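So the protein sequences, as listed, match chains A and B.
Anchor point for the first sequence: position 183 equals 182 in numbering that gives the first Met the number 0, and the numbering is continuous, going up by one each time.
Anchor point for the second sequence: position 24 equals 23 in numbering that gives the first Met the number 0, and the numbering is continuous, going up by one each time.
C-beta: ideal position from N, C-alpha, C; glycine also.
If you're wondering where the values come from, they're calculated on a predicted model, not measured in any experiment.
Below is one structure, written out as structure tokens; comments come after it.
There are 2 protein chains.
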Amino acid sequence: MTGAGRVSLVGAGPGDPDLLTLRGARRLGEADLVLYDALASERMRPLAPRARWFYVGKRACRNSIDQDVLNRLMIKHASRGRHVVRLKCGDPFVFGRGGEEVLALSDAGVPVEVVPGLSTATAAPALAGIPVTHRGVAHDFTVVSGHLPPGHPDLLTDWDAVARLHGTLLLMMAVENAPAIADALLAGGRKPETPVAVVCDGSMPGERTVLSTLGSLAGDLERDEVQPPAIIVVGDVVAVARPEHYNDRRG
Amino acid sequence: MTGAGRVSLVGAGPGDPDLLTLRGARRLGEADLVLYDALASERMRPLAPRARWFYVGKRACRNSIDQDVLNRLMIKHASRGRHVVRLKCGDPFVFGRGGEEVLALSDAGVPVEVVPGLSTATAAPALAGIPVTHRGVAHDFTVVSGHLPPGHPDLLTDWDAVARLHGTLLLMMAVENAPAIADALLAGGRKPETPVAVVCDGSMPGERTVLSTLGSLAGDLERDEVQPPAIIVVGDVVAVARPEHYNDRRG
Chain A
0 MTGAGRVSLV GAGPGDPDLL TLRGARRLGE ADLVLYDALA SERMRPLAPR ARWFYVGKRA
60 CRNSIDQDVL NRLMIKHASR GRHVVRLKCG DPFVFGRGGE EVLALSDAGV PVEVVPGLST
120 ATAAPALAGI PVTHRGVAHD FTVVSGHLPP GHPDLLTDWD AVARLHGTLL LMMAVENAPA
180 IADALLAGGR KPETPVAVVC DGSMPGERTV LSTLGSLAGD LERDEVQPPA IIVVGDVVAV
240 ARPEHYNDRR G
Chain B
0 MTGAGRVSLV GAGPGDPDLL TLRGARRLGE ADLVLYDALA SERMRPLAPR ARWFYVGKRA
60 CRNSIDQDVL NRLMIKHASR GRHVVRLKCG DPFVFGRGGE EVLALSDAGV PVEVVPGLST
120 ATAAPALAGI PVTHRGVAHD FTVVSGHLPP GHPDLLTDWD AVARLHGTLL LMMAVENAPA
180 IADALLAGGR KPETPVAVVC DGSMPGERTV LSTLGSLAGD LERDEVQPPA IIVVGDVVAV
240 ARPEHYNDRR G
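The following block contains the structure:
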């Protein structure tokens, strides 16, 4: 590794450029190359006037190119002295594979930093007026990836234990498997009338919230034609929110 | 309610002004009055040149003045046409009482918005090099307030259920009750050798990380004289991190 090249893993937040951090914005301004994984991030181009932009993603924030190829791309450009910004939707360390990228880069001797970003898991509910904790209602919350259905052999999450929790559940990448997840939670003892909010396209122009319950979630998702990306909020905090009074957004 | 007054609940993030969002910084620039609850936030004063600053907090992000008094203060100033920024450490809706403030303000007819901030729960581990999720290690994480000890009558958290989870635990406001919480997790089946990292003063000049295990946590906290604020990370993701290679911070 020669030169002053380095990689910044920058959390882009939920999508609105306004929700990037000051440090993240400055890193974009310094970047020679931006590798981005969400189309939403294109709206951040004005913050990176010097940089080439290269798309490495697809919807739902997963990589379209192989992770090894991506790692080699970052190492190659940093080794040539470039400042590479790996712009990741949400937070790099919340289901972002940031840990894997940091290990690959540090193994290659490339200086790397992590600039945290707003995780969509909490930011999308906040923008929809839903507090993930609330005194007397929920003193804990759990963020779970729903990219694998309950029962899948590679699953690390114990859905029985999750069902027993009293706090708020925030399900990411869970639209496709939501019916199976709702069934697992009901089988684990959660009540069918548990309030659910599905926050779609959080922070983006098409943002909308679908209200439901655990028992009717599968049908409501189909009826409202919910597509990823969306955050599914399960718990009594959904009933605390009064969106009609709420976000008075003036940009 | 008359005039164009309003309240913005702005998440300040973990403390470093650089980790504020662009929207949060703009709201500070527009503010007439800033009500802040963490001394760390004073470093954000240059972002609010027009505003009066009024301290309503104490360490560990809890209010020193009564919540009702604080709500009335916000309502009074907004009713006089002022733009009030309620600057809250971390995220307003993650143990920030933001939900209560929104309800009080909307009941009074005061326009209110929430500007999400980086929660210290995930940002402090990220800055210390610890991914809260990691492929093959943890596909979920749970954020719990430790301000009440296990067994307390007002407790909403089911520590038995929390102990059964396979994912990462992030304990906030838990330094004081950490020995009792570690005992509860061990009693619930977690192994004494479970890795633990205590990230103290995340993002601040005095930031440091104390490595421990669940079985030795109580002694290590005492030996290292750990004081709040700190985030306690419990789980195998702690062993993924290699802080020595890690954050190359250049400001």
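Cysteine 88(A) beta carbon less than 8 Å from that of alanine 39(A): Locating residue 39(A) in the first sequence gives position 40, counting from the first residue. Locating residue 88(A) in the first sequence gives position 89, counting from the first residue. Contact annotation: alanine 39(A) and cysteine 88(A) have beta-carbon atoms nearer than 8 Å.
Unbroken stretches of the beta strand (DSSP E), 3 residues or longer, contained in the segment 113-146 of chain A: List check, beta strand (DSSP E) in window: 139-144.
Residue closest to valine 136(A), alpha-carbon to alpha-carbon, out of Pro110(A), His165(A), Ile231(A): For this step, residue 136(A) is matched to residue 137 along the first sequence. When Pro110(A), His165(A), Ile231(A) are compared, the shortest CA-CA separation from valine 136(A) is found for His165(A).
Candidates Asp182(B), Pro227(B), Ile180(B), of which the one nearest glycine 201(B) by Cα: Here residue 201(B) refers to the residue found at position 202 of the second sequence. Of the candidates Asp182(B), Pro227(B), Ile180(B), the one whose C-alpha sits nearest the C-alpha of glycine 201(B) is Pro227(B).
Contacts that glycine 97(A) makes with chain B (C-beta to C-beta distance below 7 Å): For the purposes of this step, residue 97(A) is taken as residue 98 along the first sequence, with counting starting at 1. Simply Pro130.
Contact check, glutamate 41(A) vs leucine 126(A), beta carbons under 8 Å: Indexing the first sequence from 1 puts residue 41(A) at position 42. Indexing the first sequence from 1 puts residue 126(A) at position 127. Result no, Cβ atoms of glutamate 41(A) and leucine 126(A) do not sit closer than 8 Å.
Distance between valine 101(B) and alanine 122(A) (C-alpha atoms, nearest Å): Looking up residue 122(A) in the first sequence gives position 123. Looking up residue 101(B) in the second sequence gives position 102. It is roughly 16 Å from the alpha-carbon of alanine 122(A) to the alpha-carbon of valine 101(B).
Cβ pair valine 197(A), leucine 169(A) closer than 8 Å: Locating residue 197(A) in the first sequence gives position 198, counting from the first residue. Locating residue 169(A) in the first sequence gives position 170, counting from the first residue. Their beta carbons are not under 8 Å apart, which means valine 197(A) does not touch leucine 169(A) by this criterion.
C-beta neighbour in chain B for histidine 133(A), strict 8 Å: As a working mapping, residue 133(A) is identified with position 134 in the first sequence. So, interface residue.
Minimum Cβ-Cβ distance from threonine 121(A) to chain B less than 8 Å: Against the first sequence, residue 121(A) aligns to sequence position 122. So yes, threonine 121(A) belongs to the interface.
Inter-residue Cα distance where the pair is histidine 82(B) and leucine 117(B): Taking the second sequence and counting its residues from 1, one reaches residue 82(B) at position 83. Taking the second sequence and counting its residues from 1, one reaches residue 117(B) at position 118. Histidine 82(B) and leucine 117(B): Cα-Cα distance of roughly 22 Å.
Chain-ordered neighbours of aspartate 139(B) on chain A, where CB pairs are closer than 8 Å: Position 140 of the second sequence, counted from the start, is the residue given in the question as residue 139(B). Near aspartate 139(B) (Cβ distances below 8 Å), the residues of chain A are Thr141, Val142, Val143, Ser144, Leu155, Thr156, Val161.
First and last residue of the uninterrupted alpha helix (DSSP H) at leucine 21(A): On the first sequence, residue 21(A) is found 22 positions in, with the first residue counted as 1. Its alpha helix (DSSP H) spans residues 21-29.
Cross-strand partners of lysine 87(B) (DSSP beta bridge): In the second sequence, residue 87(B) corresponds to position 88, counting from 1. Note: lysine 87(B) sits in a beta bridge opposite Gly10(B).
Proline 194(B) - partner residues in DSSP beta bridges: Working through the second sequence from its first residue, we reach residue 194(B) at position 195. Beta-bridge pairing links proline 194(B) to Thr212(B).
Interface partners of threonine 20(A) on chain B, CB under 8 Å: Stepping through the first sequence from its first residue, residue 20(A) is reached at position 21. Per Cβ cutoff of 8 Å: Gly12, Asp17, Leu18, Leu19, Thr20, Leu21, Leu117.
Residues sharing a beta bridge with leucine 169(B), DSSP: Translated into the one-based positions of the second sequence, residue 169(B) becomes position 170. Paired residue(s): Val142(B), Val232(B).
CB contact below 8 Å: arginine 42(B) versus chain A: Within the second sequence, the letter at position 43 stands for residue 42(B). With 8 Å as the cut-off, arginine 42(B) does not count as an interface residue toward chain A.
Distance between tyrosine 54(A) and valine 225(A) (C-alpha atoms, nearest Å): Position 226 of the first sequence holds residue 225(A). Position 55 of the first sequence holds residue 54(A). Distance between the alpha carbons of valine 225(A) and tyrosine 54(A) is about 25 Å.
Cβ shell of threonine 132(A) (< 8 Å), same chain only, five flanking positions each side left out: Position 133 of the first sequence, counted from the first residue, corresponds to residue 132(A). Hits under 8 Å: His138, Asp139, Phe140, Gly166, Thr167, Val236.
Under the three-state DSSP convention, the category methionine 0(B) falls into: Position 1 of the second sequence holds residue 0(B). With a pLDDT of only 43 at methionine 0(B), under the threshold of 50, the placement of this residue in the model should not be trusted; the figure read from the coordinates follows. DSSP, read as helix, strand or coil, puts methionine 0(B) in coil.
Pairwise C-alpha distance: serine 211(A) and valine 195(A): Here residue 195(A) refers to the residue found at position 196 when the first sequence is read from its first residue. Here residue 211(A) refers to the residue found at position 212 when the first sequence is read from its first residue. Near 5 Å, if we compare the C-alpha coordinates of serine 211(A) and valine 195(A).
Residue burial classification, glycine 128(A) (beta-carbon count within 10 angstroms, cutoff 16): In the first sequence, the residue the question calls residue 128(A) occupies position 129. Under a 10 Å Cβ-count criterion, glycine 128(A) is classified as buried, with 16 or more other Cβ atoms of the shown protein chains found around its own Cβ.
Same chain, Cβ closer than 7 Å to alanine 229(A), five either side skipped, listed in chain order: To locate residue 229(A), count along the first sequence from 1; it is residue 230. Counting only Cβ-Cβ distances below 7 Å, and skipping sequence neighbours, we find Val174, Val197, Val198, Cys199.
The beta strand (DSSP E) enclosing valine 68(B), as first and last residue numbers: Residue mapping note: residue 68(B) aligns to position 69 of the second sequence, counting from 1. In the DSSP assignment, valine 68(B) falls outside any beta strand (DSSP E) and within the unbroken alpha helix (DSSP H) covering 66-78.
Where leucine 155(B) falls: helix, strand or coil (DSSP): Translated into positions along the second sequence, residue 155(B) becomes position 156. Looking at leucine 155(B) - three-state DSSP - the assignment turns out to be coil, as it is neither helix nor strand.
C-beta contact flag for alanine 77(A) and valine 33(A) at 8 Å: Residue 77(A) sits at position 78 when you count from the first residue of the first sequence. Residue 33(A) sits at position 34 when you count from the first residue of the first sequence. No.
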